[in-house]
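**Q**
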Amino acid sequence: MSILNFWKKRVSPEQITWQQVNPSLSSKATSLPPLSPAYKSKQRVFTSGQVGTDAQGKLSSDIVEQTENCCLNMQRILETTGSSMYKVVKVLLFIKRREDAAVVNEIYQTKFGNAPPARSAILCDFPNPNVLVEFEVIATVDPSLQPVSWEQINEPALKFLSPGFKAHGLVHTSGQVGFDSNGDLPSDIAEQTINAIENVSKVLKAGGSSLDNSLKVLFFISKREYASIVNKIYPKYFKNKPARSLIIVDFPNSDIGVELEVIASSAASPSPVRQITWEDIGSSGNNLLSPAYATRDLVFTSGQLGTDSTGKLPANCIAQTENALKNVIKVLEASGSSIDKSLKVLLLIKNREDVSAINEVYAKYFTTKPARSAILVGFPNPNVLVEIEVVAEVDSTKSKL
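Here's what the structure looks like:
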């Protein structure tokens, strides 16, 4: 093997295939989705969202069976990567029906050991209307994990999650909602937003980080009219303009109006970070956020919409998807990465009837089949039909860090 080929192999992310997870699958199977069960980058593992299909690929209508199968499927994937359920750092949990949340939590809390991962749980719909629950994870193959404990932030413990987790120079927070210091949830959305952000700040501080070290924010709101309230408060706290996506979902607790989770760099981390600006990609953009943030190893993009080069949004989903993917490529290349280095995609879709057309376009661009979750959500701009955010590996031959 030449030195060049050795180096390419060494720095490339490692794809976990469906055949590795299930050896009975044919390598020529044509019914597989345009994604991989997981990708590894150094010691990190990024999985696709796992649904509750059984060993025969069938989906029960029972929430207990779907949740158990979700966990079994995730366990199988993680073990294939050299990780396990006990090495999960962060979970993003999607549930279809509010009435199923308690059942899902009862099963979920038995699967992750004594130090459960950080977690966000939202209510949303799925491209397949029969899916009731799905979750994706970020895990590690490194056994030395550092959870942020409830004692560190002086809060009563929840059995099924930790407030945050430290791993590989990053701090991952659980989704934080707007409870105040007395454990009360105000009805005012501005108050909920301020409390939620201050709760994130508390977790980050306990994890050795701060809001100023934020790299990526995923912000959930339950109503479109909350977006302007959130956006008025948000820049007072997130002054470094981390990458961000803002989507409309619902919550297991119907009184919650906002929630956010953050990935931040550890203040003690030796790894430098770089903000990718709108000027870097030749765009005016959104002044509340940056198109991406990059560490030495990873790029976290903001959710990319389907605007064209003039900033206009086409009316159909195919054109929006094409544009969104071209925007992703532009951001990744400005970050010292590329679409072929993508590890994990969160695909956000407005209408179920657009899923097939979006997937057809998607598969043409993501030929390396990164891990992926796809959910149905709403957007602050009602004309948006699709949004795509990506975690990618930095190309060490292009990195500016």
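One rule links them: number in my numbering = place in the sequence shown (from 1) + 4.
Virtual Cβ for every residue (Gly too), placed ideally from N, Cα, C.
(1) What are the boundary residues of the alpha helix (DSSP H) that residue 177 is part of?
(2) Tell me the DSSP secondary structure of residue 358 in three-state form.
(3) At least one CB of chain D closer than 8 Å to the CB of residue 309: is that the case?
(4) With DSSP run on the structure shown, which of helix, strand or coil describes residue 318?
(5) So is the beta-carbon of residue 370 under 7 Å away from any non-hydrogen atom of the ligand ZN?
(6) Just reading off the alpha helix (DSSP H) that residue 108 is part of, what are its end residues?
(7) Runs of 4 residues minimum, wholly inside the stretch 268–343: which ones carry the alpha helix (DSSP H) assignment?
(8) Thinking C-alpha only, which one of 236, 211 and 339 is nearest residue 197?
(9) Kindly list the residues whose CB is nearer than 7 Å to the CB of residue 92, restricted to its own chain and excluding five residues on each side of it in sequence; keep chain order.
(10) Buried or exposed for residue 326, going by 16 or more other Cβ atoms inside 10 Å?
(11) Report yes if the CB atom of residue 200 is closer than 8 Å to the CB atom of residue 219, and no otherwise.
(12) In three-state DSSP terms, what is residue 102?
(13) On the DSSP bridge list, what partners appear for residue 140?
(14) Hey, would you say residue 84 sits closer than 8 Å to residue 20, going by beta carbons?
(15) On the DSSP letters alone, give me the boundaries of the alpha helix (DSSP H) that residue 239 sits inside.
(16) Compute the distance between the beta-carbons of residue 296 and residue 266, then report whether it is under 8 Å.
(17) Report the start-end ranges of each alpha helix (DSSP H) in the stretch 175–231 that is 4 residues or longer and not cut off at the edges.
(18) How far does the alpha helix (DSSP H) with residue 76 in it reach, from first residue to last?
(19) What residue does the alpha helix (DSSP H) around residue 23 start on, and which one ends it?
(20) How many whole angstroms separate the CB atoms of residue 383 and residue 393, which I take to be in contact at a CB cut-off of 8 Å?
(21) How long is the line joining the alpha carbons of residue 347 and residue 397, rounded to whole angstroms?
(22) Assuming residue 269 and residue 213 are in contact, meaning their beta carbons sit under 8 Å apart, how far apart are those beta carbons, in whole angstroms?
(23) Leaving out five residues on either side along the sequence, give the residues of the same chain with a beta carbon under 6 Å from the beta carbon of residue 163.
(24) In angstroms with no decimal places, state the Cα-to-Cα distance between residue 45 and residue 17.
(25) From what residue to what residue does the beta strand (DSSP E) around residue 43 run?
(26) Please report how far the alpha carbon of residue 388 lies from the alpha carbon of residue 54, in whole angstroms.
(27) Figure out for me which residue from 194, 315, 56 and 39 has the closest Cα to the Cα of residue 363.
(28) Per DSSP, which one or two residues make a beta bridge with residue 377?
(29) Note down the Cα distance separating residue 210 from residue 152, rounded to an integer number of angstroms.
(30) If you draw a straight line from the C-alpha of residue 130 to the C-alpha of residue 284, how long is it?
(31) Can you tell me whether residue 48 is buried or exposed, with buried defined as 16 or more other CB within 10 angstroms of its CB?
(32) Would you call the CB atoms of residue 97 and residue 65 closer than 8 Å?
(33) Buried or exposed: residue 87, going by 16 or more other Cβ atoms within 10 Å of its Cβ?
(34) If contacts are defined as beta-carbon pairs under 8 Å, then residue 72 and residue 111 qualify, I think. What distance do you get, rounded to the angstrom?
(35) Applying the criterion that 16 or more other CB atoms from any shown protein chain within 10 Å of the CB defines a buried residue, is residue 168 buried or exposed?
(36) Mark residue 60 as exposed unless 16 or more other C-beta atoms lie within 10 angstroms of its C-beta, in which case mark it buried.
**A** From the atom records:
(1) Residue 177 sits at position 173 when you count from the first residue of the sequence shown. Run containing residue 177: none in the alpha helix (DSSP H); it sits in the beta strand (DSSP E), 174–177.
(2) Position 354 of the sequence shown, counting from 1, holds the residue named residue 358. Helix.
(3) No chain D appears in the structure shown, which is made up of a single protein chain.
(4) If you number the sequence shown from 1, residue 318 lands on position 314. Three-state DSSP puts residue 318 in coil, outside helix and strand.
(5) In the structure on display, the ligand ZN does not appear, and there are no ligands present to speak of.
(6) As a first step, residue 108 must be located in the sequence shown, where it is residue number 104. From DSSP, the alpha helix (DSSP H) with residue 108 extends over 105–112.
(7) As for any alpha helix (DSSP H) of minimum length 4 sitting wholly inside the stretch 268–343, the runs are 321–338, ordered along the chain.
(8) Along the sequence shown, read from residue 1 onward, the residue named residue 197 stands at position 193. Of the listed residues, the one whose Cα sits closest to residue 197 is 236.
(9) For the purposes of this step, residue 92 is identified with residue 88 of the sequence shown, where counting begins at 1. Correct list, in chain order: 116, 121, 141 and 143.
(10) The residue given as residue 326 occupies position 322 in the sequence shown. Classification for residue 326: buried.
(11) Taking the first residue of the sequence shown as 1, we reach residue 200 at position 196. Taking the first residue of the sequence shown as 1, we reach residue 219 at position 215. No, these two residues do not count as a Cβ contact at 8 Å.
(12) Here residue 102 corresponds to residue number 98 of the sequence shown, with the count starting at 1. Residue state, collapsed to three classes: helix.
(13) For the purposes of this step, residue 140 is taken as residue 136 along the sequence shown, with counting starting at 1. The partner list for residue 140 (beta bridge, DSSP) reads 96.
(14) Against the sequence shown, residue 84 aligns to sequence position 80. Against the sequence shown, residue 20 aligns to sequence position 16. Their beta carbons are under 8 Å apart, which means residue 84 touches residue 20 by this criterion.
(15) Here residue 239 corresponds to residue number 235 of the sequence shown, with the count starting at 1. Element bounds for residue 239: 230–241.
(16) Taking the sequence shown and counting its residues from 1, one reaches residue 296 at position 292. Taking the sequence shown and counting its residues from 1, one reaches residue 266 at position 262. Cβ atoms of residue 296 and residue 266: not closer than 8 Å.
(17) 193–210
(18) Working through the sequence shown from its first residue, we reach residue 76 at position 72. From DSSP, the alpha helix (DSSP H) with residue 76 extends over 67–85.
(19) Start at 1 with the first residue of the sequence shown, and residue 23 comes out as number 19. It spans 22–25 - the alpha helix (DSSP H) in which residue 23 sits, taken as one unbroken run.
(20) Looking up residue 383 in the sequence shown gives position 379. Looking up residue 393 in the sequence shown gives position 389. About 13 Å; that fails the 8 Å criterion.
(21) The count along the sequence shown starts at 1 and reaches residue 347 at position 343. The count along the sequence shown starts at 1 and reaches residue 397 at position 393. If you draw a straight line from the Cα of residue 347 to the Cα of residue 397, it comes to about 7 Å.
(22) Taking the first residue of the sequence shown as position 1, residue 269 is located at position 265. Taking the first residue of the sequence shown as position 1, residue 213 is located at position 209. Going by Cβ atoms, the distance from residue 269 to residue 213 rounds to 7 Å, so yes, they are a contact pair.
(23) Here residue 163 refers to the residue found at position 159 when the sequence shown is read from its first residue. Answer for residue 163: 113, listed in chain order.
(24) Indexing the sequence shown from 1 puts residue 45 at position 41. Indexing the sequence shown from 1 puts residue 17 at position 13. Cα-Cα distance, rounded: 5 Å.
(25) Position 39 of the sequence shown, counted from the start, is the residue given in the question as residue 43. Taken as a continuous stretch (DSSP letters only), the beta strand (DSSP E) holding residue 43 covers 42–45.
(26) Counted from its first residue, the sequence shown places residue 388 at position 384. Counted from its first residue, the sequence shown places residue 54 at position 50. Straight-line spacing of the CA atoms in residue 388 and residue 54 works out to 26 Å.
(27) Locating residue 363 in the sequence shown gives position 359, where the first residue counts as 1. Scanning 194, 315, 56 and 39 for the CA closest to the CA of residue 363 turns up 39.
(28) Residue mapping note: residue 377 aligns to position 373 of the sequence shown, counting from 1. DSSP output for residue 377 lists 350 as bridge partner(s).
(29) One-based indexing of the sequence shown puts residue 210 at position 206. One-based indexing of the sequence shown puts residue 152 at position 148. Rounded to the nearest angstrom, the two C-alpha atoms are 7 Å apart.
(30) Translated into positions along the sequence shown, residue 130 becomes position 126. Translated into positions along the sequence shown, residue 284 becomes position 280. Computed Cα separation, rounded: 35 Å.
(31) Within the sequence shown, numbered from 1, the residue matching residue 48 stands at position 44. Counting the other CB atoms within 10 Å of its CB gives residue 48 a total of 16 or more, which places it among the buried residues.
(32) Residue 97 sits at position 93 when you count from the first residue of the sequence shown. Residue 65 sits at position 61 when you count from the first residue of the sequence shown. Cβ atoms of residue 97 and residue 65: not closer than 8 Å.
(33) For the purposes of this step, residue 87 is taken as residue 83 along the sequence shown, with counting starting at 1. Answer is buried; the Cβ neighbour count reaches 16.
(34) By 1-based counting over the sequence shown, the position of residue 72 is 68. By 1-based counting over the sequence shown, the position of residue 111 is 107. Between residue 72 and residue 111 the beta-carbon gap is near 6 Å, inside 8 Å, which marks them as a contact.
(35) Position 164 of the sequence shown, counted from the first residue, corresponds to residue 168. It counts as buried.
(36) For the purposes of this step, residue 60 is taken as the residue at position 56 of the sequence shown. Classification of residue 60: exposed, given that the 10 Å Cβ count is below 16.
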